[in-house]
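Here's the structure we're looking at; comments come further down.
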Amino acid sequence: ASFHLGVTPAILRQRYNMTGGDVGLLPNNSQACAQFLEQYFHQADLAEFMQLFGSSFAHRTQVDRVVGHQGHGKAGLEASLDVEYIMSTGANVSTWVFSNAGRHESQEPFLAWLLLLSNMSAVPWVHSVSYGDDEDSLSLAYMERVNAEFMKAAARGLTVLFASGDDGAGCRRVHSGNHTFRPSFPASSPYVTTVGGTSFKNPFLVTEEVTDYISGGGFSNIFPMPGYQAAAVGRFLHSASKLPPSSYYNSSGRAYPDLAALSDNYWVVTNRIPLPWVSGTSASTPVVAGMVALINDRRLQRGLAPLGFLNPALYQLQERGLGAAFYDVTQGCHLSCLDGTVQGQGFCAGPAWDPVTGWGTPNFPSLLRALLLP
Amino acid sequence: GLALERDQPFRVPPGWTHAGRVDPGQPVQLTFALRQRDTARLARLVEAVSDPRSSQYGQYLSLEQVRDLVQPSPATLMTVLKWLQDHGVEDCRTVTTLDFLECHLPASMAELLLPGAEFHRYVHGQRSLVRSPLPYTVPPELAEHLDFVGGMHRFPVERTVSRAEARKDVGSAG
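Okay, structure coming up:
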């Protein structure tokens, strides 16, 4: 195991078995991340990041297209993180940034992004979004309609990845005074692929991964469990050695995340300063998005369609004997309510799918092979 | 009228402060989510094009084909457009799929259009937002043609990645 002082592109590529040849080759492939509020990246930060950390693989140092307004103020840590890491795994793939600052006082920036998708006939095949809200803070009409917007994206073959959130299972007190877990939306939409987070078991070595205790996950109170995951989630619910009391979650709801990647201890360059110790599923999501964009690159080279909405294919891998596509994360639990019943513990990782890390983290060459099958 | 989002809580996030009701002439931008046609068919199609076992796997639709599937019915388009016109709302634009309308209008006009709504300003540092703390309604005959109206209640979510120091605190508390 190699020693390291934090997660960089080289560490990610080493852990997920990406070689120097695993870079984008097609000029017509692209990937995107979406920013909301006044979250801007600086091209100069990206260039410095790649100069510091990108020497071992072919990469780009410029975002090719910004859709929306890019302010001239300070760069945001989140925006820098997204761009730097989607371009590290999705190396050499043309990258777009959708910047939705909500410039009008009565605009909803997330809604503005959805409208852009409904208005642009040519958009990247892969979208990484680190954004979420508690399900209970949104109206049912709004969530159902946003869900329909993800169906529209899926029909077009777009892969939309959302961060699972950084509050574990979450927690809220209901009218009875009891606690329940608190799912996050759009992570809980059945038409997006949701990415959880992991940490290295030994924080300074490229070793096996364990759950990152902040990794969002659980079961939707709004959306029923889709057919593509019913068997995998059913197996988890029947075989888990310890589950939280059933009153804390809706075991028939859409379960998330679908997969995971490292989310702890990243290096990010922002405002020309390299910053260590950056963490969250905001980091793991662009990492997975970049890998999906690379797989699309290879599929397009072979005349195959892009992956599109990934989940049905993802949940079939295990059944098709292609489970080696993931490093199964089986250790650790995530956060939840600090009460006498669950004592801060939500769900725990276990063999195969679990509501903390999904199927686990990508073993890139195996995942690529599995998803290149027609 | 009927409330389209009766269950939408109005929560002012930490850091935002109320700065009073806006002037009647204050321009607001509202997003009308028009009821889509045939979302059940859309769901079946998504299943077919996304499932590797399906003969339709990978046969994706263009944006225009998606529009043909989901665009609101003529009755929905006519009813909503007439309602807006009757209230003098003219500065609107649609999207390719025709299922959203984004309209600019003065706050006073929006309050007449959406009875119950009352536009107030909220500020957070240099940022300022206009939202209605009170639920809006639409005429009963519009309820079957609209999913919701955007720009009324929800505040943008602050996205924050954590740095190690903060995480250690959480870990200790846990």
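Sequence lines, in order, name chains A and B. My numbering numbers the first residue of the first sequence as 1 and each following residue consecutively. My numbering numbers the first residue of the second sequence as 1001 and each following residue consecutively. The C-beta atom is built at its ideal place from N, Cα and C for all residues, glycine as well.
Using a Cβ-Cβ cutoff of less than 7 Å, which residues in the same chain neighbour residue i once the five nearest sequence positions on both sides are dropped?
i: A/Val329; result: Thr198, Glu209, Val210, Thr211, Ala260, Ala349, Thr357, Gly360 and Thr361
i: A/Arg65; result: Trp96
i: B/Ala1173; result: Annotation note: pLDDT 44 at B/Ala1173 (below 50); position unreliable, no value reported.
i: A/Ala10; result: Phe53 and Ser56
i: A/Phe105; result: A small fix is needed here, since residue 105 of chain A is Glu in this sequence, not Phe. Correct list: empty, nothing qualifies.
i: A/Phe3; result: Phe204 and Leu205
i: A/Ala154; result: Tyr191, Gly308 and Phe309
i: B/Val1089; result: Cys1103, Leu1105, Met1109 and Leu1113
i: A/Gln345; result: Cys333 and Ser336
Assuming residue i and residue j form a contact by the criterion Cβ under 8 Å, report the distance between their Cβ atoms to the nearest whole angstrom.
i: A/Thr159; j: A/Tyr256; result: 15 Å between Cβ atoms; not a contact.
i: A/Leu12; j: A/Thr89; result: 6 Å
i: A/Met50; j: A/His42; result: Incorrect: roughly 13 Å between the Cβ atoms, too far for contact.
i: A/Gln225; j: A/Gly253; result: Rather than Gln, the amino acid found at residue 225 of chain A in this sequence is Met. Right, the Cβ-Cβ distance comes to about 6 Å (below 8 Å), so this counts as a contact.
i: A/Gly24; j: A/Val93; result: 4 Å
i: A/Ser164; j: A/Gly227; result: Not a contact, Cβ separation roughly 21 Å.
i: A/Ser139; j: B/Asp1068; result: 28 Å between Cβ atoms; not a contact.
i: A/Tyr213; j: A/Cys337; result: Not a contact, Cβ separation roughly 14 Å.
Give the range of the alpha helix (DSSP H) segment to which residue i is assigned.
i: A/Ile295; result: Thr281 to Gln301
i: A/His238; result: Gly227 to Ser239
i: A/Ile86; result: Leu77 to Thr89
i: A/Asp45; result: Gln43 to Phe53
i: A/Asn147; result: Leu140 to Ala155
i: B/Glu1047; result: Thr1039 to Ser1050
i: B/Trp1083; result: Pro1074 to Asp1086
i: A/Arg15; result: Pro9 to Arg15
i: A/Phe364; result: Phe364 to Leu372
i: B/Pro1115; result: Neither: B/Pro1115 is in no alpha helix (DSSP H) and is coded neither H nor E.
i: A/Ala112; result: Pro109 to Leu117
Closer than 7 Å by beta-carbon distance: list the chain A residues that pair up with residue i, in chain order.
i: B/Phe1032; result: Neighbours of B/Phe1032 on chain A: none; closest Cβ ~11 Å, over 7 Å.
i: B/Gln1056; result: Within 7 Å Cβ-Cβ: nothing; B/Gln1056 doesn't reach chain A, min ~10 Å.
i: B/Thr1076; result: Under the 7 Å cutoff, chain A gives no residues; its nearest Cβ is about 14 Å from B/Thr1076.
i: B/Ala1043; result: Met151
How would you write the range of the beta strand (DSSP E) that residue i sits in, first residue to last?
i: A/Ser2; result: Here A/Ser2 belongs to no beta strand (DSSP E), and DSSP marks it neither H nor E.
i: A/Gln316; result: Taken as a continuous stretch (DSSP letters only), A/Gln316 belongs to no beta strand (DSSP E), being part of the alpha helix (DSSP H) at Asn311 to Glu319.
i: A/Gln345; result: Gln345 to Cys348
i: A/Phe162; result: Thr159 to Ala163
i: B/Asp1147; result: Leu1146 to Gly1150
i: B/Glu1090; result: First-last for B/Glu1090: undefined, no H or E at that position.
i: B/Phe1032; result: Pro1027 to Leu1034
i: B/Arg1127; result: Arg1127 to Arg1131
i: B/Val1066; result: Careful: B/Val1066 lies outside any beta strand (DSSP E), inside the alpha helix (DSSP H) at Leu1063 to Val1070.
Below 9 Å on C-beta distance, what does residue i contact in chain A?
i: B/Val1080; result: Ordered by position in chain A, no residue passes the 9 Å Cβ test against B/Val1080, which lies about 15 Å from the chain.
i: B/Ser1128; result: Glu105
i: B/Thr1137; result: Per Cβ cutoff of 9 Å: no residues; B/Thr1137 is ~13 Å from chain A at best.
i: B/Ala1225; result: No answer is possible for residue 1225 of chain B: the residues shown for chain B start at 1001 and end at 1174.
i: B/Val1089; result: What B/Val1089 touches in chain A: nothing, since even the nearest Cβ is about 14 Å away.
i: B/Gln1036; result: Arg145, Ala148 and Lys152
Give the residues of chain A in contact with residue i, contact being defined as C-beta atoms less than 8 Å apart.
i: B/Pro1156; result: Phe36, Leu37, Gly102, Glu108, Pro109 and Phe110
Taking C-beta pairs closer than 8 Å, name the residues in chain B that residue i reaches, listed in chain order.
i: A/Pro244; result: Under the 8 Å cutoff, chain B gives no residues; its nearest Cβ is about 15 Å from A/Pro244.
i: A/Phe181; result: Result: empty, since nearest Cβ-Cβ is about 15 Å, beyond 8 Å.
i: A/Tyr191; result: Val1046
i: A/Leu138; result: Gln1008 and Arg1154
i: A/Leu115; result: Thr1031, Val1095, Phe1100 and Glu1102
Might you give, ordered along the chain, the residues of its own chain that have their beta carbon closer than 6 Å to the beta carbon of residue i, omitting 5 neighbours on each side?
i: B/Glu1111; result: Ala1117
i: A/Tyr266; result: Val7, Val278 and Ala283
i: A/Arg15; result: Val206
i: A/Gly290; result: Ile86, Thr89 and Gly90
i: B/Pro1197; result: Summary: the structure shown does not reach residue 1197 of chain B, with chain B confined to residues 1001 through 1174, and so no result is reported for it.
i: A/Pro244; result: Val342
Closer than 7 Å by beta-carbon distance: list the chain B residues that pair up with residue i, in chain order.
i: A/Asn439; result: Summary: the structure shown does not reach residue 439 of chain A, with chain A confined to residues 1 through 374, and so no result is reported for it.
i: A/Asp133; result: Val1157
i: A/Phe309; result: Val1046 and Ser1050
i: A/Ala141; result: Leu1004, Glu1005, Asp1147 and Phe1148
For a contact defined as C-beta to C-beta under 9 Å, what are the partners of residue i on chain B?
i: A/Gln316; result: Asp1051, Pro1052 and Arg1053
i: A/Leu26; result: The premise fails here: A/Leu26 is roughly 17 Å from chain B at the closest Cβ pair, so nothing lies under 9 Å.
i: A/Leu304; result: Gly1058
In chain order, what residues of the same chain have a beta carbon less than 8 Å from the beta carbon of residue i, not counting five sequence neighbours either side?
i: B/Glu1064; result: Thr1096
i: A/Leu372; result: Ile295, Arg298, Arg299, Arg302 and Leu304
For residue i, return the contacting residues in chain C, with the cut-off set at a CB-CB distance below 8 Å.
i: A/Ala313; result: Of the protein chains in this structure, namely A and B, none is chain C.
Less than 7 Å separating the Cβ of residue i from some heavy atom of the ligand SAM?
i: A/Gly24; result: Ligands are entirely absent from the displayed structure, and the ligand SAM is therefore not among its contents.
Contact set between the region 143-171 of chain A and chain B, restricted to residues whose Cβ is under 8 Å from the partner = Glu144, Arg145, Ala148, Met151, Lys152, Ala154, Ala155, Arg156, Gly157 and Asp166
Just by C-beta distance, which residues in the region 1057-1074 of chain B are closer than 9 Å to chain A?
-> Listed by position, the residues of the region 1057-1074 of chain B near chain A (Cβ gap below 9 Å) are Tyr1057, Gly1058, Gln1059, Tyr1060, Leu1061, Ser1062, Leu1063, Glu1064, Gln1065, Val1066, Arg1067, Leu1069 and Val1070.
In the region 76-90 of chain A, which residues sit with their C-beta less than 7 Å from some C-beta in chain B, listed in chain order?
-> Leu77, Glu78 and Leu81
Residues in the region 1002-1015 of chain B having any Cβ partner in chain A nearer than 8 Å | Leu1004, Glu1005, Arg1006, Asp1007, Gln1008, Pro1009 and Arg1011
Taking only beta carbons into account, state which residues of the region 1144-1155 of chain B come closer than 7 Å to chain A, listed in chain order.
-> Asp1147, Phe1148, Gly1150, Gly1151 and Arg1154
Return the residues of the region 275-301 of chain A that lie within a Cβ-Cβ distance of less than 8 Å from chain B, sorted by chain order.
-> Leu275, Pro276, Trp277, Val278, Ser279, Gly280, Ser282 and Ala283
Proximal residues, the region 1097-1111 of chain B versus chain A, C-beta separation under 8 Å | Thr1097, Asp1099, Phe1100 and Glu1102
Residues within the region 41-59 of chain A neighbouring chain B, beta-carbon criterion of under 8 Å = none
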